[in-house]
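Peer 1:
Number of protein chains: 2
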Amino acid sequence: MKSIAVFGLGLIGASIAKAVKQNSDIKVIGWNRSIGVAEQALKDGTIDCIWDKQSPLCADLAIIAFPPDATVAFLQENGGRFSKETVVTDVCGVKRHIVLECEKICAQHGLTFIGGHPMAGKEKGGYANADAGLFVGASYIITPTEHTPERAVFVMQEFIRILKAGRVTVSTPEKHDRIIAYTSQLPHVLAGAYVKSPTCRERKGFSAGSFMDVSRVAAADENLWSELFLYNGENLCREIDTLIANLTAYRDAIREGNKEKLYAIIKEGRLLKEADLR
Amino acid sequence: MKSIAVFGLGLIGASIAKAVKQNSDIKVIGWNRSIGVAEQALKDGTIDCIWDKQSPLCADLAIIAFPPDATVAFLQENGGRFSKETVVTDVCGVKRHIVLECEKICAQHGLTFIGGHPMAGKEKGGYANADAGLFVGASYIITPTEHTPERAVFVMQEFIRILKAGRVTVSTPEKHDRIIAYTSQLPHVLAGAYVKSPTCRERKGFSAGSFMDVSRVAAADENLWSELFLYNGENLCREIDTLIANLTAYRDAIREGNKEKLYAIIKEGRLLKEADLR
Numbered sequence: 273m274k275s276i277a278v279f280g281l282g283l284i285g286a287s288i289a290k291a292v293k294q295n296s297d298i299k300v301i302g303w304n305r306s307i308g309v310a311e312q313a314l315k316d317g318t319i320d321c322i323w324d325k326q327s328p329l330c331a332d333l334a335i336i337a338f339p340p341d342a343t344v345a346f347l348q349e350n351g352g353r354f355s356k357e358t359v360v361t362d363v364c365g366v367k368r369h370i371v372l373e374c375e376k377i378c379a380q381h382g383l384t385f386i387g388g389h390p391m392a393g394k395e396k397g398g399y400a401n402a403d404a405g406l407f408v409g410a411s412y413i414i415t416p417t418e419h420t421p422e423r424a425v426f427v428m429q430e431f432i433r434i435l436k437a438g439r440v441t442v443s444t445p446e447k448h449d450r451i452i453a454y455t456s457q458l459p460h461v462l463a464g465a466y467v468k469s470p471t472c473r474e475r476k477g478f479s480a481g482s483f484m485d486v487s488r489v490a491a492a493d494e495n496l497w498s499e500l501f502l503y504n505g506e507n508l509c510r511e512i513d514t515l516i517a518n519l520t521a522y523r524d525a526i527r528e529g530n531k532e533k534l535y536a537i538i539k540e541g542r543l544l545k546e547a548d549l550r
Numbered sequence: 273m274k275s276i277a278v279f280g281l282g283l284i285g286a287s288i289a290k291a292v293k294q295n296s297d298i299k300v301i302g303w304n305r306s307i308g309v310a311e312q313a314l315k316d317g318t319i320d321c322i323w324d325k326q327s328p329l330c331a332d333l334a335i336i337a338f339p340p341d342a343t344v345a346f347l348q349e350n351g352g353r354f355s356k357e358t359v360v361t362d363v364c365g366v367k368r369h370i371v372l373e374c375e376k377i378c379a380q381h382g383l384t385f386i387g388g389h390p391m392a393g394k395e396k397g398g399y400a401n402a403d404a405g406l407f408v409g410a411s412y413i414i415t416p417t418e419h420t421p422e423r424a425v426f427v428m429q430e431f432i433r434i435l436k437a438g439r440v441t442v443s444t445p446e447k448h449d450r451i452i453a454y455t456s457q458l459p460h461v462l463a464g465a466y467v468k469s470p471t472c473r474e475r476k477g478f479s480a481g482s483f484m485d486v487s488r489v490a491a492a493d494e495n496l497w498s499e500l501f502l503y504n505g506e507n508l509c510r511e512i513d514t515l516i517a518n519l520t521a522y523r524d525a526i527r528e529g530n531k532e533k534l535y536a537i538i539k540e541g542r543l544l545k546e547a548d549l550r
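Protein chains in written order, with the numbering used here: chain A, 273 to 550; chain B, 273 to 550.
1. Any Cβ of chain A within less than 8 angstroms of the Cβ of residue 497 (chain B)?
2. Does the beta carbon of residue 374 (chain A) come closer than 8 angstroms to any beta carbon on chain B?
3. Could you tell me which chain B residues have their CB closer than 8 angstroms to the CB of residue 403 (chain A), listed as they occur along the chain?
4. When the cut-off is 8 angstroms and only beta carbons count, does residue 287 (chain A) lie next to chain B?
5. Between residue 415 (chain A) and residue 371 (chain A), which are expected to be in contact by the criterion C-beta below 8 angstroms, what is the C-beta distance as a whole number of angstroms?
6. Determine whether the Cβ of residue 460 (chain B) lies closer than 8 angstroms to any Cβ atom of chain A.
7. Could you round the C-beta distance between residue 463 (chain B) and residue 482 (chain B) to whole angstroms and report it? I think they count as a contact, below 8 angstroms.
8. Name, please, each residue of chain B whose Cβ falls closer than 8 angstroms to the Cβ of residue 546 (chain A).
9. Comparing C-alpha positions only, which one of B:401, B:369, B:361 and B:379 sits nearest to residue 432 (chain B)?
10. For residue 465 (chain A), would you say it is in contact with chain B, using Cβ-to-Cβ distances shorter than 8 angstroms as the test?
11. At 8 angstroms on the CB atoms, spell out the chain A contacts of residue 439 (chain B), in chain order.
12. How is residue 358 (chain A) classed by DSSP in three states: helix, strand or coil?
13. Is it true that the CB of residue 313 (chain B) sits closer than 8 angstroms to the CB of residue 412 (chain B)?
14. Just to confirm, are residue 454 (chain A) and residue 511 (chain A) a CB contact at a threshold of 8 angstroms?
15. When Cβ atoms are compared, which residues of the segment 503-532 of chain B fall closer than 8 angstroms to chain A?
16. Tell me whether the beta-carbon of residue 307 (chain A) lies closer than 8 angstroms to the beta-carbon of residue 275 (chain A).
17. Can you say whether residue 315 (chain A) is buried or exposed, counting buried as having 16 or more other CB atoms within 10 angstroms of its CB?
18. Please state whether DSSP places residue 419 (chain A) in a helix, a strand or coil.
19. Count the other CB atoms, across all protein chains shown, that sit within 10 Å of the CB of residue 382 (chain A); report buried if there are 16 or more and exposed otherwise.
20. Thinking C-alpha only, which one of B:537, B:401 and B:408 is nearest residue 282 (chain B)?
21. Measure how close the beta-carbons of residue 492 (chain B) and residue 542 (chain A) come, nearest whole angstrom, since I'm counting them as under 8 angstroms.
22. For chain B, is any of its Cβ atoms less than 8 angstroms away from the one on residue 483 (chain A)?
23. Where residue 450 (chain A) and residue 485 (chain B) are concerned, what is the direct C-alpha to C-alpha distance, given to the nearest angstrom?
24. Round the Cβ separation of residue 347 (chain B) and residue 335 (chain B) to the nearest angstrom and send it over; I've been treating them as touching at under 8 angstroms.
25. Compute the Euclidean distance between the alpha carbons of residue 425 (chain B) and residue 532 (chain B), then round it to the nearest angstrom.
26. Who are residue 384 (chain B)'s beta bridge partners in DSSP?
27. Where residue 499 (chain B) and residue 305 (chain A) are concerned, what is the direct C-alpha to C-alpha distance, given to the nearest angstrom?
28. What are the partner residues of residue 335 (chain A), as DSSP defines its beta bridges?
29. Just to confirm the assignment, what range does the alpha helix (DSSP H) spanning residue 541 (chain B) have?
30. Is the Cβ of residue 471 (chain B) closer than 8 angstroms to any Cβ of chain A?
31. Does the beta-carbon distance from residue 428 (chain B) to residue 410 (chain B) come in below 8 angstroms?
32. Would you say residue 501 (chain B) and residue 534 (chain A) are within 8 angstroms of each other, going by their C-beta atoms?
33. Please confirm if residue 494 (chain A) has its CB atom under 8 angstroms from at least one CB of chain B.
34. Do residue 468 (chain B) and residue 311 (chain A) have their CB atoms nearer than 8 angstroms?
35. Helix, strand or coil for residue 479 (chain B)? Go by DSSP, reduced to three states.
36. Determine the direct distance from the alpha carbon of residue 292 (chain A) to that of residue 495 (chain A), and round the result to whole angstroms.
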């Protein structure tokens, strides 16, 4: 791999660019909607050059690091200028919608698409929070389909190795969306719902680690997360319903003052967590 | 202050003993139901001597570091052997029940009681996880009532300073229980309810920080937490209901595919979290 293009220099895109620059000799071409950020990235050495949107793009791997709708729109607008050898990937937290749309567009231009989702992030986004070490030890999910040539998987594996990620998880887009609804989207729903209690305003001096943990990601960007929630609506609604049912079981046992039942419910949670840690 | 007694050498009790030994010249008298742990603590220098349950206790401050029911039972059984000058405190996560019961018992013996709740912990309890630095920077709540002499507040303030806690929060038992239901007990309910989704078993390779955060305290000890939940039942049920209502608002907006409504709900959460951080 000689060159990588990164479109979108927010937290994920710029962290990818920084990691590739730090860990390899690969040339990093960058682009950002606000040109000021791209210029800053060039000055910082986060990227080697800024892509001129009017010219052809020649890169082994093109990473589109936008939210879902912007990812599809960007590929639609610019895919025609990518060289035929380019493997195109994204970083979105939903995969069925993205893979369906992006495979379609890529097929029109003779390009290869493979969905990607690095399992890393921070509660604060943007170029200023980018970090070459963001992916170290993390899982990086790729979602090849029956249309994906093996070469695209190899290119992604090499790229993920350069990021020093901890593992490559290969999944179907369907399985990805089903599990991610639980591991990532539900905690974001939860954090937002949690801080809406009126009691939150009185918590200073009365809180410790467990408050901070649950509320950490409550400041989710509504532009990104409204798209992620809606493109994975049925999976996420099912997880919210499951959580509500489980919360209700605690509440009912507490309301009834049923110590035996409550004891069993808490113990079940402990055993599941301990099994998860093993 | 010349001597402190710590009854119960689990995570909280032994961390208190270690902190007092590390940060002062105060003599630490220790006692534990399983004598083996007390002997280990003596060997480790966590305590200076083991209290002989048959002898009178002479200490400036006696810290009962058990769950609620065991705290009340211990005081009932042993309070009569405490010297009249002893200020007695506890470390329980509920205060109305504890303060009511312990004030009553202490009054019978001419002792002074003041409720305490250090806002620090770990997801794993026990002597083996005790740490002299556990309280550094944390809040330590005390709940004096109309029956509490000022001297007891001063003794607690000195003790809390020795632990290097970050702040003393003075509260009524009622306010404590109302806010703690939200900041501490609800996250424990939530963590347990969260890991009960069947999807949890498939999460490896598909999870990152937000999964770990929400599930961190899911392995709560059912003996302790069933008592805490039940002694604060009405506050905790109210918070669970509020959370369920807020989760339902997300679910309904997602199910309706109502992007505008969902956007507003997520944004509201972000603004509340940002206000909390300021």
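Ideal Cβ placement from N, Cα and C applies to all residues, glycine included.
Peer 2: Short version:
1. Here residue 497 (chain B) corresponds to residue number 225 of the second sequence, with the count starting at 1. Cβ-Cβ to chain A under 8 angstroms: yes for residue 497 (chain B).
2. By one-based count along the first sequence, residue 374 (chain A) stands at place 102. By this cut-off, residue 374 (chain A) is not an interface position.
3. Here residue 403 (chain A) refers to the residue found at position 131 when the first sequence is read from its first residue. Those within 8 angstroms of residue 403 (chain A) in chain B number zero; the least Cβ separation is about 13 angstroms.
4. Here residue 287 (chain A) corresponds to residue number 15 of the first sequence, with the count starting at 1. No - not a single Cβ of chain B is within 8 angstroms of the one on residue 287 (chain A).
5. To locate residue 415 (chain A), count along the first sequence from 1; it is residue 143. To locate residue 371 (chain A), count along the first sequence from 1; it is residue 99. Confirmed, Cβ separation roughly 6 angstroms.
6. Counting from 1 along the second sequence, the entry for residue 460 (chain B) is found at position 188. Yes, residue 460 (chain B) lies at the interface with chain A (some Cβ there is under 8 angstroms from its Cβ).
7. For the purposes of this step, residue 463 (chain B) is identified with residue 191 of the second sequence, where counting begins at 1. For the purposes of this step, residue 482 (chain B) is identified with residue 210 of the second sequence, where counting begins at 1. So it is not a contact: roughly 13 angstroms between Cβ atoms.
8. Position 274 of the first sequence holds residue 546 (chain A). Within 8 angstroms Cβ-Cβ: 491.
9. Counted from its first residue, the second sequence places residue 432 (chain B) at position 160. For residue 432 (chain B), the nearest C-alpha among the options comes from B:361.
10. Locating residue 465 (chain A) in the first sequence gives position 193, where the first residue counts as 1. It does: the Cβ of residue 465 (chain A) has a partner Cβ on chain B nearer than 8 angstroms.
11. Numbered from 1 along the second sequence, position 167 holds the residue referred to as residue 439 (chain B). Those are 477, listed as they occur along chain A.
12. Taking the first sequence and counting its residues from 1, the one referred to as residue 358 (chain A) is at position 86. Reduced to three states, the DSSP call for residue 358 (chain A) is coil.
13. By one-based count along the second sequence, residue 412 (chain B) stands at place 140. By one-based count along the second sequence, residue 313 (chain B) stands at place 41. Not a contact, by the Cβ cut-off of 8 angstroms.
14. Looking up residue 454 (chain A) in the first sequence gives position 182. Looking up residue 511 (chain A) in the first sequence gives position 239. Yes, the pair counts as a contact, with Cβ atoms nearer than the cut-off.
15. 505, 508, 509, 511, 512, 513, 514, 515, 516, 518, 519, 520, 521, 522, 523, 526, 527, 529 and 531
16. One-based indexing of the first sequence puts residue 307 (chain A) at position 35. One-based indexing of the first sequence puts residue 275 (chain A) at position 3. No, the pair does not count as a contact, with Cβ atoms beyond the cut-off.
17. Residue 315 (chain A) sits at position 43 when you count from the first residue of the first sequence. Residue 315 (chain A) comes out exposed.
18. The residue labelled residue 419 (chain A) in the question sits at position 147 within the first sequence. DSSP places residue 419 (chain A) in coil when its eight states are reduced to three.
19. On the first sequence, residue 382 (chain A) is found 110 positions in, with the first residue counted as 1. Residue 382 (chain A) should be labelled exposed.
20. Mapped onto the second sequence, residue 282 (chain B) falls at position 10. For the residues B:537, B:401 and B:408, the minimum Cα distance to residue 282 (chain B) belongs to B:401.
21. Indexing the second sequence from 1 puts residue 492 (chain B) at position 220. Indexing the first sequence from 1 puts residue 542 (chain A) at position 270. Between residue 542 (chain A) and residue 492 (chain B) the Cβ distance is about 6 angstroms, and since that is below 8 angstroms, they are a contact.
22. In the first sequence, residue 483 (chain A) corresponds to position 211, counting from 1. Yes, because at least one Cβ of chain B sits closer than 8 angstroms to the Cβ of residue 483 (chain A).
23. Your numbering for residue 450 (chain A) matches position 178 in the first sequence. Your numbering for residue 485 (chain B) matches position 213 in the second sequence. Near 20 angstroms, if we compare the C-alpha coordinates of residue 485 (chain B) and residue 450 (chain A).
24. The count along the second sequence starts at 1 and reaches residue 347 (chain B) at position 75. The count along the second sequence starts at 1 and reaches residue 335 (chain B) at position 63. Their Cβ separation, rounded to whole angstroms, is 12 angstroms, which puts residue 347 (chain B) and residue 335 (chain B) out of contact at 8 angstroms.
25. Within the second sequence, the letter at position 153 stands for residue 425 (chain B). Within the second sequence, the letter at position 260 stands for residue 532 (chain B). Spanning the two alpha carbons is a distance of roughly 52 angstroms.
26. Mapped onto the second sequence, residue 384 (chain B) falls at position 112. Answer is B:359, bridged to residue 384 (chain B).
27. Taking the first residue of the second sequence as position 1, residue 499 (chain B) is located at position 227. Taking the first residue of the first sequence as position 1, residue 305 (chain A) is located at position 33. The alpha-carbon atoms of residue 499 (chain B) and residue 305 (chain A) are separated by roughly 55 angstroms.
28. If you number the first sequence from 1, residue 335 (chain A) lands on position 63. DSSP lists A:278 and A:361 as partners of residue 335 (chain A).
29. On the second sequence, residue 541 (chain B) is found 269 positions in, with the first residue counted as 1. First-last of the alpha helix (DSSP H) with residue 541 (chain B): 531-549.
30. Position 199 of the second sequence, counting from 1, holds the residue named residue 471 (chain B). At least one chain A Cβ lies under 8 angstroms of residue 471 (chain B).
31. Looking up residue 428 (chain B) in the second sequence gives position 156. Looking up residue 410 (chain B) in the second sequence gives position 138. No; because the gap between Cβ atoms is not below 8 angstroms, this pair is not in contact.
32. If you number the second sequence from 1, residue 501 (chain B) lands on position 229. If you number the first sequence from 1, residue 534 (chain A) lands on position 262. Going by C-beta atoms, residue 501 (chain B) is nearer than 8 angstroms to residue 534 (chain A).
33. Counting from one through the first sequence, the residue named residue 494 (chain A) turns up at place 222. Yes, its Cβ sits closer than 8 angstroms to a Cβ of chain B.
34. Locating residue 468 (chain B) in the second sequence gives position 196, where the first residue counts as 1. Locating residue 311 (chain A) in the first sequence gives position 39, where the first residue counts as 1. It is not a contact, given that the beta carbons lie outside the stated cut-off.
35. Position 207 of the second sequence, counting from 1, holds the residue named residue 479 (chain B). Of the three classes helix, strand and coil, the one that applies to residue 479 (chain B) here is coil, per DSSP.
36. By 1-based counting over the first sequence, the position of residue 495 (chain A) is 223. By 1-based counting over the first sequence, the position of residue 292 (chain A) is 20. Taking the straight line joining both Cα atoms gives about 27 angstroms.
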